[in-house]
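Chains as they are written, first to last, in numbering that gives the first Met the number 0: chain R, 0 to 170; chain F, 0 to 170. Every residue gets a Cβ at the ideal spot worked out from N, C-alpha and C, and that includes glycine. For reference, the structure discussed in these notes is given below.
2 protein chains.
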Amino acid sequence: MDPRPAAPAPAPAPAKTPRWYWEDFTPGLVMDLGHAAVTREATLAFAAQFDPQPFHLEDAAAEASLFGRLSASGWHTCAMTMRLMCDGYLNDAASLGSPGIENLRWLKPVYPGDTLHARMEVLESRVMNSRPAVGLVRSRWRVTNQAGDDVMTMEGWGMFARRTAVAAVGG
Amino acid sequence: MDPRPAAPAPAPAPAKTPRWYWEDFTPGLVMDLGHAAVTREATLAFAAQFDPQPFHLEDAAAEASLFGRLSASGWHTCAMTMRLMCDGYLNDAASLGSPGIENLRWLKPVYPGDTLHARMEVLESRVMNSRPAVGLVRSRWRVTNQAGDDVMTMEGWGMFARRTAVAAVGG
Numbered sequence: 000m001d002p003r004p005a006a007p008a009p010a011p012a013p014a015k016t017p018r019w020y021w022e023d024f025t026p027g028l029v030m031d032l033g034h035a036a037v038t039r040e041a042t043l044a045f046a047a048q049f050d051p052q053p054f055h056l057e058d059a060a061a062e063a064s065l066f067g068r069l070s071a072s073g074w075h076t077c078a079m080t081m082r083l084m085c086d087g088y089l090n091d092a093a094s095l096g097s098p099g100i101e102n103l104r105w106l107k108p109v110y111p112g113d114t115l116h117a118r119m120e121v122l123e124s125r126v127m128n129s130r131p132a133v134g135l136v137r138s139r140w141r142v143t144n145q146a147g148d149d150v151m152t153m154e155g156w157g158m159f160a161r162r163t164a165v166a167a168v169g170g
Numbered sequence: 000m001d002p003r004p005a006a007p008a009p010a011p012a013p014a015k016t017p018r019w020y021w022e023d024f025t026p027g028l029v030m031d032l033g034h035a036a037v038t039r040e041a042t043l044a045f046a047a048q049f050d051p052q053p054f055h056l057e058d059a060a061a062e063a064s065l066f067g068r069l070s071a072s073g074w075h076t077c078a079m080t081m082r083l084m085c086d087g088y089l090n091d092a093a094s095l096g097s098p099g100i101e102n103l104r105w106l107k108p109v110y111p112g113d114t115l116h117a118r119m120e121v122l123e124s125r126v127m128n129s130r131p132a133v134g135l136v137r138s139r140w141r142v143t144n145q146a147g148d149d150v151m152t153m154e155g156w157g158m159f160a161r162r163t164a165v166a167a168v169g170g
């Protein structure tokens, strides 16, 4: 038997220092979140799993619908936009999640073959009353297609660690 | 060579007659949309594709986060709820899509192992001004976990064909 005590589990690798804390999301800030291609395969796969309404799964049903042809689930557009948000800033920010979304509008159908383009604008910002180390940021996200038409807009609060609070804890 | 003209493409199978038209969604109606099990595999797969924030992908990062342990993306909860909506009534209704969502609230984390339970309540109903054959229904959806806690609520308008308008077109 080895008399040495068991080695402690290795500490998790330290997360990289975020580039953006709450203080950086000042009202008026606009960020370009880049583009996403909408494929037929991904449209059908998402619909089959989460939104199997005939107009999201079958060409004939889609052509007979208000959408005119096969279109992506609105929730798929949300999910694709979330990916652009993660790649565009959240995964380089001290992001702590979100309590919700307002004014989610599916303004035009999103079709396979479309290229989405997402942008965010910071609307307001404040410290969280119940957690002073956390700041809240209200943003508006706007998603356009390759024709420049708005296909989806939404607003919502995000929670971010405060840089000053982190420094205080570290010191 | 076969001199007969090519047979026309078979007509699409007629969609089954919906059980529910706009008229059936009367304010105060409550529908139970059933249950969905949240698996670790599905949680990780959705996060990897659409919401790759560390607290949705890695146990250690999740334990250090406000969520306390690995939790599902809020958009995954929306998508799972949409599936319950489709299975619970939309795919047996004359559903025509939705223009958007209000007051989407992620109230508590959704964890792998949870069982979600969704319900909808009709809040109000009116004919669409620009399309008199279409009726609008505003509903509230409420999603609870196995402890009975609300994990997500949202409200939104759905578009449905009117039974009377359909009958007029058919006659």
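Closest Cα partner of residue i within the set the options
i	options	result
F/D113	F/P98, F/L106, F/N144 and F/G99	F/N144
R/R125	R/P17, R/E40 and R/E22	R/E22
R/M127	R/V142, R/F54, R/W156 and R/H75	R/W156
F/A146	F/E154, F/K107 and F/M119	F/K107
R/A36	R/H116, R/D91 and R/E154	R/H116
F/T38	F/S64, F/A71, F/R18 and F/T16	F/A71
R/D86	R/L69, R/M119 and R/S64	R/M119
F/V150	R/A132, R/R161, R/E154 and R/S97	R/S97
R/R130	R/E154, R/D148 and R/L95	R/L95
R/A78	F/E154, F/W74 and F/L69	F/W74
F/A47	R/M81, R/R161, R/V133 and R/Y110	R/M81
R/G33	R/T163, R/R162 and R/Y88	R/Y88
F/E40	F/R162, F/Y110 and F/E154	F/Y110
F/V142	F/L135, F/M84 and F/N90	F/M84
R/K15	F/T16, F/A60, F/N102 and F/L56	F/A60
F/L56	F/L43, F/E62, F/A63 and F/R68	F/L43
Interface residues of chain F facing residue i [CB-CB closer than 9 Å]
i	result
R/F159	Within chain F, no residue comes near R/F159; the closest Cβ sits about 11 Å away, beyond 9 Å.
R/A78	F45, Q48, F49, D50, S72, W74, H75, C77 and A78
Distance between beta carbons of residue j and residue i, contact taken as under 8 Å
i	j	result
F/R104	F/L122	About 16 Å; that fails the 8 Å criterion.
F/F49	F/F159	Wrong, their Cβ atoms sit about 28 Å apart, outside the cutoff.
R/F45	R/F54	14 Å between Cβ atoms; not a contact.
R/A92	R/R18	7 Å
F/N90	R/P51	7 Å
F/M153	F/I100	5 Å
F/Y20	F/R137	No, F/Y20 and F/R137 are not in contact; Cβ-Cβ is about 16 Å, not under 8 Å.
Amino acids of chain F, ordered along the chain, whose beta-carbon sits closer than 8 Å to that of residue i
i	result
R/G112	Those within 8 Å of R/G112 in chain F number zero; the least Cβ separation is about 19 Å.
Within chain F, the residues that residue i reaches when beta carbons sit closer than 7 Å
i	result
R/R141	Chain F residues near R/R141: none, gap ~14 Å exceeds 7 Å.
Listed by chain order, chain R residues near residue i by CB distance under 9 Å
i	result
F/W105	G96, S97, P98, G99 and I100
F/L56	Simply none; closest approach about 10 Å.
F/L65	L95, G96, R130, V133 and M158
Closer than 7 Å: residue i CB and nearest the ligand COA heavy atom
i	result
F/S97	Summarising the ligand content, the structure contains no ligands, and the ligand COA is consequently not present.
> Taking Cβ-Cβ distances below 9 Å as the criterion, which residues of the segment 81–101 of chain R are in contact with chain F?
Replying inline: M81, R82, M84, C85, D86, L89, N90, S94, L95, G96, S97, P98, G99, I100 and E101
>> Give the list of continuous beta strand (DSSP E) stretches no shorter than 3 residues that lie fully inside the segment 68–119 of chain F.
In response: 99–105
> Going along the chain, which residues of the segment 116–138 of chain R sit with their C-beta nearer than 7 Å to a C-beta in chain F?
Replying inline: none
> Residues in the segment 25–43 of chain F with C-beta within 8 Å of chain R's C-beta atoms, listed in sequence order?
Replying inline: none
> At which residue ranges does the segment 26–50 of chain F contain complete alpha helix (DSSP H) runs of 4 or more residues, listed in the order of the chain?
Replying inline: 39–49
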